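Worksheet for the structure shown next.
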Amino acid sequence: MRAIRCDRFGGPEVLSLTDVPDPEPGPGQLLVDVSAAGVNYADTYRTLGTYSGGQTLPFIPGTEVVGRTTGGRRVAALTFAGGGYAERAVVSTVDAVDVPDAVADGAALALLVQGLTAWHLLHGSAALRPGETVVVNAAAGGVGTLAVQLARHLGAGRIIAAASSPAKRDLAVSLGADTAVDSDPGGYPARVLAANGGAPVDVVLESTGGPAFTAALEVLAPLGRLVTYGDSSRLGRPPVDPSLLADRSVAVAGFWLRPVLTRPDAFAGPLGQLLGLTASGVLRPQVGPAYPLQDARRAHEDLLARRTTGKLVLTVDRPRS
1 MRAIRCDRFG
11 GPEVLSLTDV
21 PDPEPGPGQL
31 LVDVSAAGVN
41 YADTYRTLGT
51 YSGGQTLPFI
61 PGTEVVGRTT
71 GGRRVAALTF
81 AGGGYAERAV
91 VSTVDAVDVP
101 DAVADGAALA
111 LLVQGLTAWH
121 LLHGSAALRP
131 GETVVVNAAA
141 GGVGTLAVQL
151 ARHLGAGRII
161 AAASSPAKRD
171 LAVSLGADTA
181 VDSDPGGYPA
191 RVLAANGGAP
201 VDVVLESTGG
211 PAFTAALEVL
221 APLGRLVTYG
231 DSSRLGRPPV
241 DPSLLADRSV
251 AVAGFWLRPV
261 LTRPDAFAGP
271 LGQLLGLTAS
281 GVLRPQVGPA
291 YPLQDARRAH
301 EDLLARRTTG
311 KLVLTVDRPR
321 S
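According to the UniProt record's numbering, the stretch in the sequence shown is residues 1 to 321, in order.
As structure tokens, then:
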């Protein structure tokens with residue numbers, strides 16, 4: 001089969017199309033003919049060799065697939081060991097969820113890592129309550145666009161989106177944000193407070209890191225929660241003095257989806273609900289560009305250059321027999 005393989009660590013240039021043997025499913029596993037694979041920021045960390053938990057060479061990137069099992073089921077699945085950027089992938093039976101016909105491949109892929117992240121950020125780490133004010137940083141991204149919609153569905157009192165361009169801010173408002181502000185850390189606290197009528201906010205979802213993390217901490221109300229779930233700026237997260245948290249009774253929580261999904265109730269149930277909300281039109285996952293499998297390098301380049309919005313997808317086209 002054809003697959004994208006990484007034989008050395010580095011940037012997008014290390015991704016190459018090659019022929020490899022078909023994977024063999026073992027007990028409790030399914031073989032999936034992949035129709036589309038999702039592209040994530042985490043994939044770029046894996047190719048760099050900086051991903052949490054390490055990565056062994058050579059490997060096939062990709063942890064999200066949609067396709068058909070040998071029994072004909074159309075499923076969306078996570079492949080924690082990688083292998084998604086390929087014509088076929090092996091997935092755990094418990095990590096495969098049936099996809100309704102009304103949900104397109106790209107939308108289903110958007111609900112795997114990004115959708116489940118948004119779900120657990122709001123239900124778990126942030127513990128968003130009806131009527132609370134939530135700020136969604138990177139609101140035009142894969143997680144951000146879904147977090148805005150889910151916060152509205154969960155009854156948030158006011159949703160403030162932060163994004164880097166007018167077009168991205170307009171997108172967030174069209175998806176349910178009450179207003180949107182420039183996400184540049186310079187002046188960010190003043191803009192957010194002004195957008196909330198001068199009042200601090202209850203929840204901030206933050207994935208940029210660096211100065212953006214520090215700026216987000218300033219806008220929290222007493223008992224407010226800042227949840228950090230990424231470092232897309234690659235500038236790191238500044239240290240936090242616990243006394244500064246205690247002074248305002250605010251909390252900082254970290255989030256990574258992978259350990260959360262070790263809980264038996266964290267995957268199939270939430271994903272099934274997200275798929276149902278999408279099939280009914282309550283959620284509109286934003287699907288970005290679709291690239292042929294062989295163009296994985298270009299997909300990574302565009303993602304890192306922030307030239308995209310929504311979910312990036314690699315499509316698998318098979319030769320006609």
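Glycine included, every Cβ here is placed at the ideal spot set by N, Cα and C. None of these values were measured; they are calculated from a predicted model.
**Prompt:** Would you say Arg129 and Val99 are within 8 Å of each other, going by their C-beta atoms?
**Reply:** Taking the first residue of the sequence shown as position 1, residue 129 is located at position 129. Taking the first residue of the sequence shown as position 1, residue 99 is located at position 99. No, these two residues do not count as a Cβ contact at 8 Å.
**Message:** Here's the rule I'm using: 16 or more other beta-carbon atoms within 10 Å means buried, otherwise exposed. How should Arg191 be labelled?
**Reply:** Numbered from its first residue, the sequence shown carries residue 191 at position 191. So Arg191 counts as buried.
**Prompt:** With C-beta atoms as the reference, is Val219 less than 8 Å away from Leu121?
**Reply:** Locating residue 219 in the sequence shown gives position 219, where the first residue counts as 1. Locating residue 121 in the sequence shown gives position 121, where the first residue counts as 1. Their beta carbons are not under 8 Å apart, which means Val219 does not touch Leu121 by this criterion.
**Message:** Looking only at its chain, what residues have a beta carbon closer than 7 Å to the beta carbon of residue 368, apart from the 5 residues adjacent to it on each side?
**Reply:** Residue 368 falls outside the range modelled here, since the chain spans only 1 to 321, and no answer is possible.
**Asked** Does DSSP classify Asp182 as helix, strand or coil?
**Response** Counting from 1 along the sequence shown, the entry for residue 182 is found at position 182. Three-state result, Asp182: strand.
**the stretch 27 to 36 in contact with the stretch 84 to 95 per 3-pair CB rule at 8 Å** = At 8 Å Cβ cutoff, the stretches touch.
**Asked** Tell me which same chain residues have a C-beta within less than 8 Å of the C-beta of Ser321, skipping the five on either side of it?
**Response** Here residue 321 is taken as the residue at index 321 of the sequence shown, counted from 1. Caution applies to Ser321, whose pLDDT of 44 falls short of 50 and renders its modelled position unreliable; the value that the coordinates give is listed next. Beyond the five residues adjoining it in sequence on each side, Ser321 comes within less than 8 Å, by CB distance, of no other residue in the same chain.
**Item:** Between the CA atoms of Leu111 and Val136 - distance to the nearest angstrom
**Value:** For this step, residue 136 is matched to residue 136 along the sequence shown. For this step, residue 111 is matched to residue 111 along the sequence shown. Distance between the alpha carbons of Val136 and Leu111: 17 Å.
**Asked** Helix, strand or coil: which one does DSSP assign to residue 380?
**Response** Any property of residue 380 remains undetermined from this structure, which presents the chain solely from 1 to 321.
**Message:** Using 8 Å for Cβ pairs, my map puts Pro211 next to Pro239. What's the rounded Cβ distance?
**Reply:** Locating residue 211 in the sequence shown gives position 211, counting from the first residue. Locating residue 239 in the sequence shown gives position 239, counting from the first residue. The Cβ separation is near 14 Å, so there is no contact.
**Prompt:** Per the contact definition of three or more C-beta pairs closer than 8 Å, is the stretch 34 to 49 in contact with the stretch 63 to 83?
**Reply:** Touching, yes, given that three or more Cβ pairs across the two stretches are closer than 8 Å.
**Asked** Taking the runs of the alpha helix (DSSP H) that are 4 residues or longer, which of them lie wholly in the stretch 25 to 57?
**Response** Correct list: 41 to 48.
**Message:** Can you tell me whether Phe80 is helix, strand or coil according to DSSP?
**Reply:** Here the question's residue 80 lines up with position 80 in the sequence shown. DSSP places Phe80 in coil when its eight states are reduced to three.
**Request:** Throw me the rounded Cβ distance for the Asp202 and Glu132 pair, which I believe falls under 8 Å.
**Result:** The residue labelled residue 202 in the question sits at position 202 within the sequence shown. The residue labelled residue 132 in the question sits at position 132 within the sequence shown. Cβ-Cβ separation between Asp202 and Glu132: approximately 4 Å, consistent with a contact (criterion under 8 Å).
**Request:** Within the same chain, show all residues whose beta-carbon is closer than 8 Å to that of Pro21, passing over the 5 residues directly before and after it, in chain order.
**Result:** The residue labelled residue 21 in the question sits at position 21 within the sequence shown. Residues of the same chain with a CB within less than 8 Å of the CB of Pro21, apart from the 5 flanking positions on each side, are Met1 in chain order.
**Asked** Thinking C-alpha only, which one of Gly71, Gly281, Thr214, Ala215 is nearest Val103?
**Response** As a first step, residue 103 must be located in the sequence shown, where it is residue number 103. Of the listed residues, the one whose Cα sits closest to Val103 is Gly281.
**Item:** Same chain, Cβ closer than 7 Å to Pro58, five either side skipped, listed in chain order
**Value:** Along the sequence shown, one-based indexing puts residue 58 at 58. Excluding sequence neighbours, Pro58 sits near Arg5, Cys6, Asp7.
**Asked** In or out: Leu312 buried (at least 16 other Cβ within 10 Å) or exposed?
**Response** Here residue 312 refers to the residue found at position 312 of the sequence shown. When all chains shown are included, Leu312 counts as buried.
**Item:** Rounded distance between the beta-carbons of Ala89 and Pro189, thought under 8 Å
**Value:** Within the sequence shown, the letter at position 189 stands for residue 189. Within the sequence shown, the letter at position 89 stands for residue 89. Incorrect: roughly 44 Å between the Cβ atoms, too far for contact.
**Request:** Please name the residue, chosen from Ala3, Ala216, Arg306, that lies closest to residue 329 on a Cα-to-Cα basis.
**Result:** This structure cannot speak to residue 329, because the chain is shown only from 1 to 321.
**Request:** Answer yes or no: do Val14 and Thr47 have a C-beta to C-beta separation smaller than 8 Å?
**Result:** On the sequence shown, position 14 is the one that residue 14 refers to. On the sequence shown, position 47 is the one that residue 47 refers to. A contact, by the Cβ cut-off of 8 Å.
**Prompt:** Going by other Cβ atoms of all chains shown within 10 Å of its Cβ, with 16 needed for buried, is Gly10 buried or exposed?
**Reply:** The count along the sequence shown starts at 1 and reaches residue 10 at position 10. Its Cβ having fewer than 16 others within 10 Å, Gly10 is exposed.
**Message:** For Gly155, which residues in the same chain have their Cβ closer than 6 Å to its Cβ, ignoring the five residues on either side in sequence?
**Reply:** Residue numbering aside, residue 155 sits at position 155 when the sequence shown is read from its first letter. Within its own chain, the residues whose Cβ lies closer than 6 Å to the Cβ of Gly155, once the five positions on either side in sequence are excluded, are Pro130, listed in chain order.
**Item:** Local Cβ density within 10 Å of His300, reported as buried at 16 or more and exposed below that
**Value:** The residue you call residue 300 lines up with position 300 of the sequence shown. Buried, by the Cβ-count rule.
**Request:** Can you give me the start and stop residues for the beta strand (DSSP E) that Arg258 sits inside?
**Result:** By one-based count along the sequence shown, residue 258 stands at place 258. In this chain, Arg258 is not harboured by any beta strand (DSSP E); it is covered by the alpha helix (DSSP H) spanning 257 to 260.
**Per DSSP, cross-strand counterpart(s) of Ser92** = Taking the first residue of the sequence shown as 1, we reach residue 92 at position 92. DSSP, once it has assigned bridges, lists Gln29 as partnering Ser92.
**Asked** Closest by CA to Gly197, which one among Ala215, Ile160, Arg225?
**Response** What you label residue 197 is simply residue 197 of the sequence shown in a count that begins at 1. Of the candidates Ala215, Ile160, Arg225, the one whose C-alpha sits nearest the C-alpha of Gly197 is Ile160.
**Prompt:** In whole angstroms, what is the alpha-carbon distance linking Gln55 and Asn40?
**Reply:** As a working mapping, residue 55 is identified with position 55 in the sequence shown. As a working mapping, residue 40 is identified with position 40 in the sequence shown. Cα-Cα distance, rounded: 16 Å.
**Asked** For Ser165, is the classification buried or exposed, using 16 other Cβ atoms within 10 angstroms of its Cβ as the cut-off for buried?
**Response** Mapped onto the sequence shown, residue 165 falls at position 165. So Ser165 ends up on the exposed side.
**Request:** Could you please give the first and the last residue of the uninterrupted beta strand (DSSP E) stretch that includes Val134?
**Result:** Numbered from its first residue, the sequence shown carries residue 134 at position 134. Val134 -> beta strand (DSSP E) spans 133 to 136.
**Message:** Measuring only the C-alpha atoms, how far is Ala305 from Arg298?
**Reply:** Taking the sequence shown and counting its residues from 1, one reaches residue 305 at position 305. Taking the sequence shown and counting its residues from 1, one reaches residue 298 at position 298. Computed Cα separation, rounded: 10 Å.
**Prompt:** What's the C-alpha gap between Ala216 and Gln149?
**Reply:** Counted from its first residue, the sequence shown places residue 216 at position 216. Counted from its first residue, the sequence shown places residue 149 at position 149. Their backbone Cα atoms lie some 21 Å apart in a straight line.
**Asked** For Leu17, which of helix, strand or coil comes out of DSSP?
**Response** Working through the sequence shown from its first residue, we reach residue 17 at position 17. Strand.
**Message:** So, for residue 322: in the same chain, excluding its five sequence neighbours on each side, which residues have a beta-carbon less than 7 Å away from its beta-carbon?
**Reply:** In the structure as shown, the chain starts at 1 and stops at 321, and residue 322 therefore has no counterpart that could be examined.
**Prompt:** Rounded to a whole number of angstroms, what is the C-alpha to C-alpha distance between Gly288 and Gly310?
**Reply:** Locating residue 288 in the sequence shown gives position 288, where the first residue counts as 1. Locating residue 310 in the sequence shown gives position 310, where the first residue counts as 1. Gly288 and Gly310 have their C-alpha atoms spaced approximately 4 Å apart.
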